[in-house]
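Take a look at the structure below.
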Amino acid sequence: SDAKKAQQSLESSFKHLESTKKRFAKEWAEAEKTVQQVERIENDLNATRLDVEKAKHTANARTRTAEECRNDYAAELQKYNKEQNSYYYVEIPQTFNKLQDLDEKRIQLLSEGYCKFSDIEKNVLPIISRCLEGITAAGTKIDEKQDSLLFIEQNKSGFERPADVEFEDYTQGIKPATSDTVLNPPKLRPKLRLFRKQKQPAAEDFSHLPPEQRKKRLQGKIDNISKELHKEQDQSDALEKMKDVYVKNSQLGDPARLEPQICQTNQKIGHLKGELSKYETWLSEAVGGEESSNTTNNNSQHSLEITSDPSQNIYTDFDEFDDIEMPVGQCTALYTFEGNSEGTISITEGEQLTVMEEDKGDGWMRVLRASGEEGYIPSSYVKTTA
């Protein structure tokens, strides 16, 4: 900006110089004309002395004006030359020197940045090397067999393996589901949407999940509640300490203002303790129920009683059925199963069931109860009788 201002000032001076130069040229030309006119009047025999004196007076005035313009032009020329020398020999070099200093400073900062970058990289390289060595060491310690076993442990269902498929002698006919009536159950359209009843929501105790998955979900819930409880207890201790400080020194604060927070925190702690006790009870039941199921196949001590309404009309809502589906066999329930998930039904130990669809390798089979309720149950929970 300094160089631009100096250049503009020099250009303005040059314009003023040109203006004074033109004025000097004009006035000098006019003076020469008056001098020539005086000579013509002097040579004219008809001119009077008064005409000659008047012409000389005009010529002298023009000459003085031309001399003044000449002096102004000379002064402006000297001033412009001085400004021009200052511009090209002082101001422009100073501006270039400033630019050079800035560029040298930029180069210096850039070189310092490169050096600093190099030093940082040198300091970081050992850390990166140690990290890579740690990754390599961890990679060499990976046990693919153990990892696969852990994956199986996390995702196993806990259901018993299905029993061998027994021979079904069709020459002796198929036994009826009950001694009173022979059910010809209808075939449902969708495989898993067997009922018109609404989908049951997930149980709070996760009883709708397989045993192993239920235990994992319950344990995860217990861990989360324990963390939250520990956090609230720490907050309660901090509030109590703050209250004691306020009681000892009232200038720091009013202890009464902490009472609502302390009360709210205690309520949260009480609620979390109740939730923790509830989920621990469910986890104990899940672990105990699984152990009981694994030790004996005939123990019904921990079974849940599922009552059915024998008066339920099984032939209602015929618009849900397509055609008549023949049963493929009979079976007897070995254990009680509570079907909480969509598509499953509840059965009780010893109950006679009609097999509508055999196990296709996924561990489930579709059966029909004497009450007309139809759905899926674990194949390992029943024994085929015919």
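Numbering-wise, full-length UniProt numbering puts 145 at position 145 of the sequence shown, and it's gapless, one number per residue.
We treat Cβ as the ideally placed atom computed from N, Cα and C, and that holds for glycine.
What does the alpha-carbon distance come out to for the pair K231 and D237?
10 angstroms
DSSP state of I377 mapped onto helix, strand, coil
strand
Less than 8 angstroms between the beta carbons of L17 and E53, yes or no?
The answer is no: Cβ separation not under 8 angstroms.
Pairwise C-alpha distance: L10 and L99:
21 angstroms
Candidates S371, K216, G363, E342: which alpha carbon is nearest T348's?
Selected option, being the one with the closest Cα: S371.
Please work out which residues of its chain come closer than 7 angstroms, Cβ to Cβ, to S346, disregarding the five sequence neighbours upstream and downstream, and give them in chain order.
I306, F337, E338, G339.
Among R70, D234, E357, nearest to E374 - alpha-carbon criterion
E357
Cβ-Cβ distance between A333 and V382 below 8 angstroms:
yes
Around the Cβ of N184, are there at least 16 other Cβ atoms within 10 angstroms (buried) or fewer (exposed)?
Here N184 scores only 39 on pLDDT, less than 50, and its place in the model should not be relied on; the value that follows carries that caveat. Classified as exposed, N184 has fewer than 16 neighbouring CB atoms from the shown chains inside 10 Å of its CB.
Is it right to say C69 is buried, meaning 16 or more other beta carbons lie within 10 angstroms of its own, or is it exposed?
With 16 or more Cβ atoms within 10 Å of its Cβ, C69 is classed as buried.
For the pair the segment 32-51 and the segment 77-97, tell me if three or more CB-CB distances fall below 8 angstroms.
no
Counting only runs that start and end within the UniProt domain "REM-1" (208-285), where is the alpha helix (DSSP H) found for 4 or more residues in a row?
211-248
Just verifying my parser: in three-state terms, what is the DSSP assignment at R130?
helix
So what does W364 bridge to, in DSSP terms?
P378
Compute the Euclidean distance between the alpha carbons of residue 391 and G134, then round it to the nearest angstrom.
Residue coverage of the chain in this structure runs from 1 to 386, which leaves residue 391 outside it and unanswerable.
C-alpha distance - Q108 paired with L132, whole-angstrom precision
35 angstroms
Per the contact definition of three or more C-beta pairs closer than 8 angstroms, is the segment 85-103 in contact with the segment 54-61?
no
Top-ranked residue by Cα proximity to W28, from Q8, S12, Y73, L50
Of the listed residues, the one whose Cα sits closest to W28 is Y73.
What would DSSP say about K141, mapped onto helix, strand or coil?
coil
List the residues that DSSP assigns as beta-bridge partners of T354.
Q330, L368
Host alpha helix (DSSP H) of Y73 (start-end)
Unbroken alpha helix (DSSP H) run through Y73: 49-86.
Along the alpha helix (DSSP H) that carries L31, what are the first and last residues, could you check?
Contrary to the premise, residue 31 reads as Ala rather than Leu in this sequence. Run containing A31: 2-43, per the alpha helix (DSSP H) assignment.
To the nearest angstrom, report how far apart E153 and I377 are at their CA atoms.
Between E153 and I377, the alpha-carbon positions lie close to 23 angstroms from each other.
Quick one, are the C-beta atoms of L229 and L272 less than 8 angstroms apart?
yes
Identify which residue in V245, S379, Y246, I262 has its Cα closest to the Cα of V355.
S379
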